[in-house]
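Numbering (the numbering used here), first residue to last: 119 to 458. We put the beta carbon where it would ideally sit given N, CA and C, even for glycine. Below is one structure, written out as C-alpha cells, with a few remarks after it.
Below, the structure written as C-alpha cells:
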C-alpha cells in the first residue's frame, strides 16, 4: 500500500500541473485575491513607442554605362631633399664674419658668402708667391740672354761643329722656365686660398643647421653646417605588385613620367582629399628604384615636386619630412563599367 501511494502522489502532482498550464493558456485574465489581472502577449511590433514611424531609406538607381576609366593608384611618402650637403671649409682659419643667410632655416642663393675666415696669413702667402714669381721671371730672362750670348761666342770662336746643349745653356734655360711655371702655380694657389676664406653657397638652398660660431677656429675638415637645395624636392612612394599591373614606372635612362600628373595632398590636413579647398601639389615620377624592398616586396618610385617652398609662386609651401598622400594616374581601361 505504501509503495502504491509513493507512485500515485507524484503522478497526481504532474497531472495537476499540466491541467493548470492548459487552463491559463485559455484565459485572458487571472483572478488573484478577488482582482482580475489581464494577461496579454505583446508582439515585437507593439513594442515601438507611439508616434514613432518605421524608418525609411531613400535609394536611387543609376544605370551603368560602359566607358573608358583611368585607374588611380594611391600611395604616400615624406618630402625629402634631393641634394643635401655637409658644408666644410677647404682651409683653416678663425671665423670673423657670419652672414644672416647662414642661420637655421634661412634661404640663400648660389655664390652667396655664408661666412668669412681671417685673411692675414693668406695675404702674406699671396705676397710671397708674387715675389717668388718675380724672381723666377728675372732668372729666366737672364738665362735666355746667357743662352743667346753663348751661341754668339761659339760662332765668333770659329767652331764649325754644332754646339752642345750644355754650351748653349739649354738645361739652365729649362730649369729657369720650370721655376717660372712653379711660381705661377704657387701664386694661383695663394689666390685660391685667399678666395676660400669666403665660404660660398654651392647652389640655391636653405640652411638646415649651423654648427660654428663667430670667433671659432676651424680646419679643413671642420663641419660648418648642413644645407640643402630648394629647386625641387623628392618623394619616395611605394607601389605594390598589384599596382604594377596597372602602371609601368620609368625604367630607361632619361625617361620620366608625364610632367605634373601626380597629385599630392597633405596627410596632416583634416580636409577631404577631393575637396576643392584642399591644398594640392603637382609632381612628376622621375624614376624607379632598381630592386624590390626586401621586407615589403614593394617597388619604390621617386617623384619630383618643383618649387616646394613656394619661392616663385604664392602656393602653400611644403616642409622637409612632411607626410603626403599621392594619387598616380595609371592604365586606362577601355569600355568598362564603373560602380559609383
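Residue i classed as buried or exposed, judged by whether at least 16 other C-beta atoms fall within 10 angstroms
i           : result
residue 311 : buried
residue 380 : buried
residue 207 : buried
residue 315 : buried
residue 457 : exposed
residue 240 : buried
residue 150 : At residue 150, the pLDDT of 46 sits below 50, so the modelled position is not reliable; the number obtained from the coordinates is stated separately. The residue is exposed, with fewer than 16 neighbouring Cβ atoms inside 10 Å.
residue 466 : Given that the chain is displayed from residue 119 to residue 458, the structure contains no residue 466 and the question cannot be resolved.
residue 426 : buried
residue 318 : exposed
residue 421 : buried
residue 332 : exposed
residue 372 : exposed
residue 342 : buried
residue 323 : buried
residue 190 : exposed
residue 153 : At residue 153 the pLDDT is 49, less than 50, meaning the model places this residue with poor confidence; the figure from the coordinates comes in the next sentence. Exposed: under 16 other Cβ atoms inside 10 Å.
residue 345 : buried
residue 423 : buried
residue 442 : buried
residue 244 : buried
residue 363 : exposed
residue 205 : buried
residue 238 : exposed
Under the three-state DSSP convention, the category residue i falls into
i           : result
residue 303 : helix
residue 452 : strand
residue 281 : coil
residue 148 : Bear in mind that a pLDDT of 49 at residue 148, under 50, signals an unreliable position, so the number given afterwards is only what the model happens to contain. Looking at residue 148 - three-state DSSP - the assignment turns out to be strand.
residue 232 : strand
residue 216 : strand
residue 173 : coil
residue 260 : helix
residue 426 : coil
residue 197 : strand
residue 205 : strand
residue 289 : helix
residue 248 : helix
residue 351 : strand
Identity of the residue in the options nearest residue i by Cα
i           : options               : result
residue 195 : 450, 384, 376 and 213 : 384
residue 365 : 203, 409, 192 and 274 : 192
residue 374 : 241, 407 and 387      : 407
residue 339 : 178, 137 and 211      : 211
residue 293 : 369, 239 and 262      : 262
residue 369 : 418, 436 and 187      : 418
residue 348 : 243, 256 and 435      : 435
residue 70  : 306, 344 and 401      : Residue 70 lies beyond the range of the chain shown here (119 to 458); nothing can be said about it.
residue 217 : 455, 135 and 328      : 328
residue 447 : 188, 345 and 360      : 188
residue 360 : 414, 345 and 309      : 414
residue 202 : 412, 321 and 135      : 321
residue 302 : 130, 399 and 252      : 252
residue 209 : 257, 313 and 300      : 313
residue 455 : 184, 411 and 130      : 184
residue 403 : 354, 134 and 358      : 354
residue 409 : 267, 358, 309 and 230 : 358
residue 330 : 134, 267, 399 and 222 : 222
8 Å Cβ cutoff met for residue i and residue j
i           : j           : result
residue 213 : residue 336 : yes
residue 438 : residue 199 : yes
residue 306 : residue 254 : no
residue 416 : residue 367 : no
residue 265 : residue 228 : no
residue 226 : residue 215 : no
residue 286 : residue 269 : yes
residue 440 : residue 180 : no
residue 186 : residue 451 : yes
Residue-level contact to chain C via CB, residue i, 8 Å cutoff
i           : result
residue 424 : Protein chains in the displayed structure number just one, and chain C is not present.
*Taking one C-beta from the stretch 225-242 and one from the stretch 275-290 each time, how about it: are there three or more such pairs within less than 8 Å?*
Put simply, the stretch 225-242 does not touch the stretch 275-290. Fewer than three CB pairs are less than 8 Å apart.
*Is the number of C-beta pairs between the stretch 426-436 and the stretch 174-191 that are closer than 8 Å three or more?*
Not touching, per the Cβ criterion.
_Check whether the stretch 235-254 and the stretch 265-275 touch, using three or more Cβ-Cβ pairs below 8 Å as the test._
With the cut-off at 8 Å, the stretch 235-254 and the stretch 265-275 do not touch.
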